[in-house]
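Residue -16 is where the sequence shown starts when you use this note's numbering, and the numbers rise one by one after that. The structure appears right after this line, and notes come after that.
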Amino acid sequence: MSAVSKLNNEVVGAQVIKRASQLLREIASRNDQGVRLVDIYKSVGLGQSTAHRLLKALAVEGFVLQDEGSKRYRLGPLIFEFGLAIKSKFDLRAAAQDAMERIAAFTEDTVYLVVRSRYESVCIDRIEGNYPVKVLSLDIGGRRPLGTNASGLSILRSLPPAQVEKIIAYNETAYSRFANFSASRVYKELAASNTRGYVSVTVAAGTSAVGLPICGPDRLPLAAIAVAAVESRMSPGRQTEIVDFMRKEIAKLEAAISVS
(Lines of atoms letter the chains of each structure in order from A and count residues from 1; the text may use other names and numbers.)
(Lines give C-alpha, C1' and ligand atoms only; values in the text may rest on other atoms or scores of the structure.)
Protein backbone atom coordinates (compact mmCIF):
# COMPACT_ATOMS: atom_id res chain seq x y z
CA MET A 1 0.00 0.00 0.00
CA SER A 2 1.37 3.42 -0.96
CA ALA A 3 1.82 6.17 1.60
CA VAL A 4 -0.97 8.17 -0.09
CA SER A 5 -3.39 5.22 0.02
CA LYS A 6 -2.56 4.61 3.67
CA LEU A 7 -3.17 8.26 4.50
CA ASN A 8 -6.50 8.23 2.63
CA ASN A 9 -7.61 5.16 4.56
CA GLU A 10 -6.68 6.82 7.85
CA VAL A 11 -8.67 9.94 6.92
CA VAL A 12 -11.71 7.86 5.94
CA GLY A 13 -11.46 5.91 9.20
CA ALA A 14 -11.33 9.12 11.23
CA GLN A 15 -14.36 10.47 9.37
CA VAL A 16 -16.34 7.30 10.11
CA ILE A 17 -15.57 7.59 13.82
CA LYS A 18 -16.57 11.26 13.82
CA ARG A 19 -19.85 10.54 12.04
CA ALA A 20 -20.65 7.63 14.35
CA SER A 21 -20.05 9.82 17.40
CA GLN A 22 -22.36 12.47 15.93
CA LEU A 23 -25.10 9.87 15.54
CA LEU A 24 -24.65 8.62 19.10
CA ARG A 25 -24.79 12.15 20.53
CA GLU A 26 -27.95 12.89 18.58
CA ILE A 27 -29.64 9.73 19.85
CA ALA A 28 -28.47 10.45 23.41
CA SER A 29 -30.06 13.91 23.29
CA ARG A 30 -33.51 12.34 22.77
CA ASN A 31 -32.98 8.84 24.10
CA ASP A 32 -36.15 8.56 26.19
CA GLN A 33 -38.55 8.88 23.28
CA GLY A 34 -36.16 7.48 20.69
CA VAL A 35 -35.20 9.11 17.40
CA ARG A 36 -36.37 8.41 13.85
CA LEU A 37 -33.84 7.85 11.10
CA VAL A 38 -35.08 10.90 9.20
CA ASP A 39 -34.56 13.15 12.23
CA ILE A 40 -31.10 11.73 12.88
CA TYR A 41 -29.63 12.24 9.44
CA LYS A 42 -31.15 15.69 9.03
CA SER A 43 -29.83 16.85 12.42
CA VAL A 44 -26.27 15.66 11.85
CA GLY A 45 -26.13 16.60 8.17
CA LEU A 46 -25.53 13.13 6.72
CA GLY A 47 -27.16 11.45 3.76
CA GLN A 48 -29.91 8.98 4.58
CA SER A 49 -28.04 5.96 3.23
CA THR A 50 -24.83 6.89 5.08
CA ALA A 51 -26.67 7.38 8.37
CA HIS A 52 -28.60 4.13 7.93
CA ARG A 53 -25.43 2.17 7.15
CA LEU A 54 -23.63 3.54 10.21
CA LEU A 55 -26.62 2.90 12.46
CA LYS A 56 -26.81 -0.71 11.30
CA ALA A 57 -23.14 -1.19 12.16
CA LEU A 58 -23.62 0.46 15.57
CA ALA A 59 -26.62 -1.78 16.24
CA VAL A 60 -24.65 -4.94 15.42
CA GLU A 61 -22.04 -3.92 18.01
CA GLY A 62 -24.63 -3.04 20.65
CA PHE A 63 -24.11 0.72 20.63
CA VAL A 64 -27.72 1.39 19.55
CA LEU A 65 -31.04 -0.43 19.50
CA GLN A 66 -33.93 0.00 17.07
CA ASP A 67 -37.46 -0.54 18.31
CA GLU A 68 -39.18 -3.02 16.01
CA GLY A 69 -42.53 -1.26 16.27
CA SER A 70 -41.73 2.44 16.10
CA LYS A 71 -38.39 2.00 14.28
CA ARG A 72 -36.92 4.62 16.58
CA TYR A 73 -33.31 4.38 17.71
CA ARG A 74 -32.08 4.44 21.31
CA LEU A 75 -28.72 3.89 22.95
CA GLY A 76 -27.80 0.23 23.31
CA PRO A 77 -26.52 -1.87 26.22
CA LEU A 78 -22.85 -1.48 25.30
CA ILE A 79 -23.01 2.23 26.13
CA PHE A 80 -24.26 1.34 29.62
CA GLU A 81 -21.52 -1.26 30.02
CA PHE A 82 -18.86 1.28 29.07
CA GLY A 83 -20.29 3.68 31.64
CA LEU A 84 -19.97 1.06 34.36
CA ALA A 85 -16.30 0.60 33.48
CA ILE A 86 -15.44 4.25 34.07
CA LYS A 87 -13.86 4.89 37.45
CA SER A 88 -13.48 8.57 38.18
CA LYS A 89 -10.91 9.82 40.69
CA PHE A 90 -13.51 12.30 41.88
CA ASP A 91 -17.17 11.32 41.65
CA LEU A 92 -18.86 14.69 41.19
CA ARG A 93 -22.35 13.27 41.44
CA ALA A 94 -21.60 11.62 44.78
CA ALA A 95 -19.73 14.68 46.03
CA ALA A 96 -22.64 16.99 45.16
CA GLN A 97 -25.35 14.73 46.59
CA ASP A 98 -25.59 16.37 50.02
CA ALA A 99 -25.52 19.88 48.57
CA MET A 100 -28.22 18.97 46.05
CA GLU A 101 -30.42 17.53 48.79
CA ARG A 102 -30.01 20.61 50.98
CA ILE A 103 -30.84 22.93 48.07
CA ALA A 104 -33.93 20.84 47.23
CA ALA A 105 -35.04 20.92 50.88
CA PHE A 106 -34.51 24.69 51.09
CA THR A 107 -36.28 25.54 47.83
CA GLU A 108 -38.77 22.63 47.66
CA ASP A 109 -38.20 22.75 43.90
CA THR A 110 -36.30 20.65 41.35
CA VAL A 111 -32.50 20.77 41.46
CA TYR A 112 -30.32 19.73 38.52
CA LEU A 113 -26.63 18.82 38.34
CA VAL A 114 -25.21 19.22 34.85
CA VAL A 115 -21.75 18.73 33.34
CA ARG A 116 -20.23 19.84 30.07
CA SER A 117 -19.72 17.42 27.20
CA ARG A 118 -17.92 19.37 24.46
CA TYR A 119 -20.63 21.61 22.96
CA GLU A 120 -23.44 20.18 25.07
CA SER A 121 -24.53 19.89 28.67
CA VAL A 122 -25.53 16.56 30.22
CA CYS A 123 -27.72 16.11 33.29
CA ILE A 124 -26.04 13.68 35.70
CA ASP A 125 -28.42 14.09 38.64
CA ARG A 126 -31.83 15.50 39.50
CA ILE A 127 -33.49 15.84 42.90
CA GLU A 128 -37.14 16.81 43.25
CA GLY A 129 -38.32 19.04 46.08
CA ASN A 130 -41.58 18.66 48.00
CA TYR A 131 -43.54 21.36 46.20
CA PRO A 132 -46.45 19.59 44.44
CA VAL A 133 -46.03 21.33 41.07
CA LYS A 134 -42.67 20.20 39.71
CA VAL A 135 -40.63 21.36 36.72
CA LEU A 136 -39.10 18.20 35.25
CA SER A 137 -37.67 19.60 32.04
CA LEU A 138 -34.58 17.39 31.89
CA ASP A 139 -34.08 13.73 32.73
CA ILE A 140 -30.85 12.24 34.05
CA GLY A 141 -28.74 11.55 30.97
CA GLY A 142 -30.54 14.23 28.97
CA ARG A 143 -28.38 16.38 26.72
CA ARG A 144 -28.86 19.94 25.51
CA PRO A 145 -26.74 22.32 23.42
CA LEU A 146 -24.78 24.53 25.82
CA GLY A 147 -26.75 27.71 26.36
CA THR A 148 -30.34 26.43 26.16
CA ASN A 149 -31.04 26.17 29.89
CA ALA A 150 -29.92 27.70 33.18
CA SER A 151 -27.25 25.11 33.90
CA GLY A 152 -25.79 25.22 30.39
CA LEU A 153 -25.72 29.01 30.44
CA SER A 154 -24.00 28.90 33.84
CA ILE A 155 -21.23 26.74 32.40
CA LEU A 156 -20.99 28.86 29.26
CA ARG A 157 -20.67 32.20 31.08
CA SER A 158 -17.71 30.85 33.07
CA LEU A 159 -15.64 29.90 30.03
CA PRO A 160 -13.06 32.11 28.26
CA PRO A 161 -14.68 34.39 25.63
CA ALA A 162 -13.00 32.61 22.69
CA GLN A 163 -14.48 29.28 23.80
CA VAL A 164 -17.90 30.85 24.28
CA GLU A 165 -17.88 32.21 20.73
CA LYS A 166 -16.77 28.85 19.33
CA ILE A 167 -19.49 26.94 21.20
CA ILE A 168 -22.27 29.33 20.22
CA ALA A 169 -21.20 29.29 16.57
CA TYR A 170 -21.08 25.49 16.59
CA ASN A 171 -24.55 25.24 18.18
CA GLU A 172 -26.25 27.87 16.04
CA THR A 173 -28.25 25.31 14.05
CA ALA A 174 -28.98 23.18 17.12
CA TYR A 175 -30.46 26.18 18.95
CA SER A 176 -33.27 26.35 16.39
CA ARG A 177 -34.67 23.07 17.74
CA PHE A 178 -35.55 24.85 21.00
CA ALA A 179 -38.44 27.31 21.13
CA ASN A 180 -37.37 30.96 21.15
CA PHE A 181 -33.67 30.12 21.25
CA SER A 182 -31.01 31.43 18.89
CA ALA A 183 -27.38 32.48 19.04
CA SER A 184 -28.42 36.09 19.60
CA ARG A 185 -30.63 35.13 22.53
CA VAL A 186 -27.82 33.12 24.12
CA TYR A 187 -25.54 36.17 23.92
CA LYS A 188 -28.28 38.32 25.49
CA GLU A 189 -28.81 35.82 28.31
CA LEU A 190 -25.06 35.73 28.97
CA ALA A 191 -24.86 39.53 29.09
CA ALA A 192 -27.81 39.69 31.49
CA SER A 193 -26.31 37.00 33.72
CA ASN A 194 -22.98 38.82 33.88
CA THR A 195 -24.79 41.94 35.08
CA ARG A 196 -26.96 40.00 37.52
CA GLY A 197 -24.23 37.68 38.78
CA TYR A 198 -26.14 34.48 38.05
CA VAL A 199 -28.29 32.93 35.33
CA SER A 200 -32.05 33.43 35.41
CA VAL A 201 -33.89 32.14 32.39
CA THR A 202 -37.33 31.09 31.17
CA VAL A 203 -37.04 28.07 28.89
CA ALA A 204 -40.61 26.76 28.81
CA ALA A 205 -43.73 28.88 29.24
CA GLY A 206 -44.71 29.26 32.88
CA THR A 207 -41.39 28.02 34.26
CA SER A 208 -38.20 29.69 35.39
CA ALA A 209 -34.76 28.55 36.53
CA VAL A 210 -31.65 29.97 38.14
CA GLY A 211 -28.17 28.52 37.83
CA LEU A 212 -24.60 28.81 39.09
CA PRO A 213 -21.38 27.09 37.99
CA ILE A 214 -19.25 24.70 40.00
CA CYS A 215 -15.62 25.60 39.29
CA GLY A 216 -12.35 23.79 39.82
CA PRO A 217 -9.19 25.27 41.35
CA ASP A 218 -8.44 26.95 38.00
CA ARG A 219 -11.86 28.66 38.18
CA LEU A 220 -13.01 26.94 35.00
CA PRO A 221 -16.45 25.31 35.19
CA LEU A 222 -16.65 21.61 36.00
CA ALA A 223 -20.43 21.57 36.18
CA ALA A 224 -23.43 23.67 37.18
CA ILE A 225 -26.37 23.46 39.55
CA ALA A 226 -29.76 24.85 38.58
CA VAL A 227 -33.08 25.17 40.40
CA ALA A 228 -36.24 25.10 38.28
CA ALA A 229 -39.74 26.06 39.42
CA VAL A 230 -43.04 27.40 38.19
CA GLU A 231 -42.68 31.07 37.31
CA SER A 232 -44.94 32.25 40.14
CA ARG A 233 -42.38 30.91 42.63
CA MET A 234 -39.46 32.75 41.05
CA SER A 235 -39.93 36.38 42.02
CA PRO A 236 -36.73 38.46 42.03
CA GLY A 237 -36.62 38.36 45.82
CA ARG A 238 -36.97 34.59 45.99
CA GLN A 239 -34.38 34.16 43.25
CA THR A 240 -31.92 36.12 45.40
CA GLU A 241 -32.66 33.89 48.41
CA ILE A 242 -32.20 30.72 46.36
CA VAL A 243 -28.98 31.92 44.72
CA ASP A 244 -27.49 33.01 48.06
CA PHE A 245 -28.17 29.54 49.48
CA MET A 246 -26.77 27.88 46.34
CA ARG A 247 -23.58 29.95 46.55
CA LYS A 248 -22.90 28.72 50.09
CA GLU A 249 -23.44 25.09 49.12
CA ILE A 250 -21.35 25.38 45.95
CA ALA A 251 -18.51 27.07 47.88
CA LYS A 252 -18.36 24.06 50.21
CA LEU A 253 -18.43 21.70 47.23
CA GLU A 254 -15.64 23.59 45.43
CA ALA A 255 -13.53 23.47 48.59
CA ALA A 256 -13.94 19.68 48.67
CA ILE A 257 -13.00 19.45 45.00
CA SER A 258 -9.83 21.52 45.51
CA VAL A 259 -8.43 19.04 48.04
CA SER A 260 -9.53 15.85 46.26
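C-beta: ideal position from N, C-alpha, C; glycine also. Computed from a predicted structure; not experimentally measured.
Residue pairing by DSSP puts Ile110 in a beta bridge opposite Val94. Residue pairing by DSSP places Gly194 opposite Val182, Ala209 in a beta bridge.
Three or more Cβ pairs closer than 8 angstroms define a contact, and the stretch 50 to 63 falls short of that threshold against the stretch 80 to 88.
Ser134 sits buried, since 16 or more C-beta atoms from the chains shown fall within 10 Å of its C-beta. Of the residues Arg179, Ala238, Glu111, the one whose Cα lies closest to the Cα of Ala212 is Glu111.
The residue from Pro128, Gln(-2), Lys117 with its alpha-carbon nearest to that of Ser165 is Pro128.
Counting every other CB atom within 10 Å of its CB across the protein chains shown gives Ala207 a total of 16 or more, marking it as buried. In the DSSP assignment, Arg126 falls within the beta strand (DSSP E) that extends over 126 to 128. If you draw a straight line from the Cα of Leu6 to the Cα of Tyr102, it comes to about 15 angstroms.
With the rule of 3 Cβ pairs closer than 8 angstroms, the stretch 18 to 25 counts as touching the stretch 36 to 55.
Here Gln222 carries a helix assignment [DSSP, helix/strand/coil]. Straight across, the Cα-Cα distance linking Thr93 with Ser215 is about 15 angstroms. Between Leu139 and the set Arg85, Glu172, Asp15, the nearest pair of CA atoms involves Glu172. Pairing Ser183 with Gln222 gives a Cβ-Cβ distance under 8 angstroms.
Checking the DSSP bridge columns, you'll see Arg57 partnered with Leu48.
In the DSSP assignment, Glu103 forms a beta bridge with Ser100, Pro128. Per DSSP, the unbroken alpha helix (DSSP H) holding Glu148 starts and ends at 144 to 153. It is roughly 29 angstroms from the alpha-carbon of Lys235 to the alpha-carbon of Val169. Taking each of Ser100, Phe65, Asn113 in turn and checking the Cα distance to Ala88, the smallest one comes out for Asn113.
With fewer than 16 other CB atoms across the displayed protein chains lying within 10 angstroms of its CB, Phe63 is exposed.
Val18 is bridged by DSSP to Tyr56. Here the C-alpha atom of Tyr181 lies approximately 23 angstroms from the C-alpha atom of Ile123. The residues Phe89, in chain order, have a CB closer than 6 angstroms to that of Phe228 in the same chain once the five nearest residues on each side in sequence are set aside. Inclusion of Pro200 and Arg99 in the CB contact set at 8 angstroms is not warranted, their separation being larger than that value.
Of the residues Asp74, Ile10, Arg76, Lys25, the one whose Cα lies closest to the Cα of Val47 is Ile10.
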